[in-house]
Structures are given as C-alpha cells and as structure tokens.
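Note sheet for the following structure.
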Amino acid sequence: MLKKTLFVLLSALILSGVCFAQEDPAKKQMEETTPAVAQEQPAVVAQEQPAAVTQEQPALVLEEIQICTAVEDRQPSGAGTVFPDDLDKIYCFTKIGGAEDTTNVYHVWYFGNDEIARVKLPVKAISWRTWSSKKLNMLLGNGHVEIVSESGDILGKAEFEIQAAEKAEEVGETEKTGVSEEAPEAPKGQ
Numbered sequence: 090m091l092k093k094t095l096f097v098l099l100s101a102l103i104l105s106g107v108c109f110a111q112e113d114p115a116k117k118q119m120e121e122t123t124p125a126v127a128q129e130q131p132a133v134v135a136q137e138q139p140a141a142v143t144q145e146q147p148a149l150v151l152e153e154i155q156i157c158t159a160v161e162d163r164q165p166s167g168a169g170t171v172f173p174d175d176l177d178k179i180y181c182f183t184k185i186g187g188a189e190d191t192t193n194v195y196h197v198w199y200f201g202n203d204e205i206a207r208v209k210l211p212v213k214a215i216s217w218r219t220w221s222s223k224k225l226n227m228l229l230g231n232g233h234v235e236i237v238s239e240s241g242d243i244l245g246k247a248e249f250e251i252q253a254a255e256k257a258e259e260v261g262e263t264e265k266t267g268v269s270e271e272a273p274e275a276p277k278g279q
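Residues in the sequence shown are numbered consecutively from 90, following the numbering used here.
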C-alpha cells in the first residue's frame with residue numbers, strides 16, 4: 090500500500106512538472122507579445138488626444154419655441170401669442186438641438202421687464218423637447234420667455250400677451266395662433 094501511495098504521489102509530481110514546463114513557453118510567448126501591444130496603444134491614444142482637444146462641442150440650437158395652452162404627447166397644443174387671463178397657466182415648449190452631452194437650459198419668464206421665474210431644464214440628447222409652465226395669477230399685459238444656455242447665451246425668445254378674457258375673445262383667430270395676416274371680414278347684413 091505504501092508503494093502504491095508513493096507511486097501515485099511521484100506520478101502526480103512528474104505530471105505537474107511536465108505541465109509547468111509546457112506552460113512556460115506560453116507565458117514567454119505572451120510576455121513577448123504583450124509589450125508590443127502595450128507600446129502601440131499609448132501611441133494611438135497620444136495621436137487621438139490632440140484631435141479631441143481641438144474639436145469644439147457644437148453650440149446648442151433652439152429649433153422650435155412655442156407659447157401654448159397645453160403640451161400633449163410631447164407636442165405644443167393651443168399655440169399662440171395672445172391668451173385670455175382666465176387660463177390657469179401657459180406653457181413654453183422648446184425643441185433644443187446640438188447637445189452631445191447632457192446639459193441644461195433655462196426658461197426665463199418675464200412679465201413686463203421683471204423676471205418672474207427661472208426654470209432649469211435638462212437636455213439629454215442631440216435633439217430634445219422640453220417645456221415649462223407659468224401660472225398666470227390674474228396678470229394682464231405683455232411678457233416673454235428667453236431660452237438661455239448654461240453658459241449664459243440667449244438661444245431665443247418668444248413673446249406673449251395676456252388680455253382680459255372678454256377682449257382676448259375679440260382678437261381674431263389668426264392673432265391667437267401667431268399668424269399676422271388679417272382675417273377677412275364677414276359680409277354685413279347676412
């Protein structure tokens with residue numbers, strides 16, 4: 090029994106020696122090829138870095154802006170320039186383009202010359218729709234919303250007017266939608 094145990098241990102020792110002997114050439118070959126790959130990678134990275142530094146990130150572009158009464162399915166609804174004061178709130182809908190990384194824009198609401206709200210909104214894709222809203226609180230008069238980038242650039246603005254509900258109803262349908270053409274008058278006496 091002792092001979093059998095000794096034979097098994099000796100056989101295992103010999104086999105492990107053979108395995109280690111065969112493993113060394115593979116390690117040696119791997120060590121010889123690895124530095125060559127590692128040396129090539131920094132050279133490629135070094136060449137790519139100056140190109141990345143010289144490329145400027147494209148500026149944000151305001152592709153669309155609408156003042157409206159609602160946003161439904163990510164689209165403006167009831168867009169116009171004149172709104173009645175009996176609305177609960179109005180919306181500023183924007184579509185921003187050109188953002189390669191996540192950034193922010195601000196919807197800065199003004200009534201008259203006074204800033205009444207500044208809303209920070211994320212822009213998470215190259216083309217992004219976003220909106221903010223403002224409660225009217227019985228305000229009458231003119232206002233506007235400026236769209237401002239994080240760096241402070243004004244991308245654009247939209248103007249609006251809040252009128253007493255009776256007067257806003259008298260405004261022609263074309264002015265409510267922001268189209269400046271005059272509506273034809275209906276013939277009298279019919």
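Where a beta carbon is used, it is the ideal one built from N, C-alpha and C, also for glycine.
A quick note: this is a predicted structure, and the numbers were derived from the prediction, not measured.
Handout entry: Sub-8 angstroms separation of Thr170 and Glu255 beta-carbons
Key = no
Problem - 6 angstroms CB neighbourhood of Ile205 in its chain, flanking five on each side removed - result: Trp198
Exercise for the section: With 8 angstroms as the threshold, decide whether the Cβ of Thr183 is near any Cβ in chain D. Expected result: This model lacks chain D altogether; it includes just one protein chain.
Practice task
State the Cα-Cα distance for the pair Lys92 and Ile103, rounded to the nearest angstrom.
Solution key: 16 angstroms
Practice task
From the DSSP output, read off the bridge partner residues of Glu235.
Solution key: Val197, Lys246
Problem - 3-residue-minimum beta strand (DSSP E) runs that sit fully inside the region 159-220, ordered along the chain - result: 159-161, 164-166, 171-173, 178-186, 192-200, 203-212
Problem - Buried or exposed (CB count within 10 angstroms, at least 16 for buried), Thr191 - result: exposed
Handout entry: Element boundaries [beta strand (DSSP E), containing Leu151]
Key = 150-157
Exercise for the section: Taking 8 angstroms as the threshold, find out whether the region 176-195 comes into contact with the region 214-224 through three or more Cβ pairs. Expected result: yes
Problem - Alpha carbon of Asn226 to alpha carbon of Asp177, nearest angstrom - result: 8 angstroms
Exercise for the section: State yes or no: is the C-beta of Val179 within less than 8 angstroms of the C-beta of Ile154? Expected result: Note that residue 179 is Ile in the sequence shown here, rather than Val. In this structure, Ile154 does not lie closer than 8 angstroms to Ile179 by Cβ.
Practice task
Report the option in Leu228, Leu151, Leu149, Cys181 whose CA atom is closest to the CA atom of Ala159.
Solution key: Cys181
Problem - Residues near Val281 in its chain [Cβ-Cβ closer than 8 angstroms; skip 5 each side] - result: Residue coverage of the chain in this structure runs from 90 to 279, which leaves residue 281 outside it and unanswerable.
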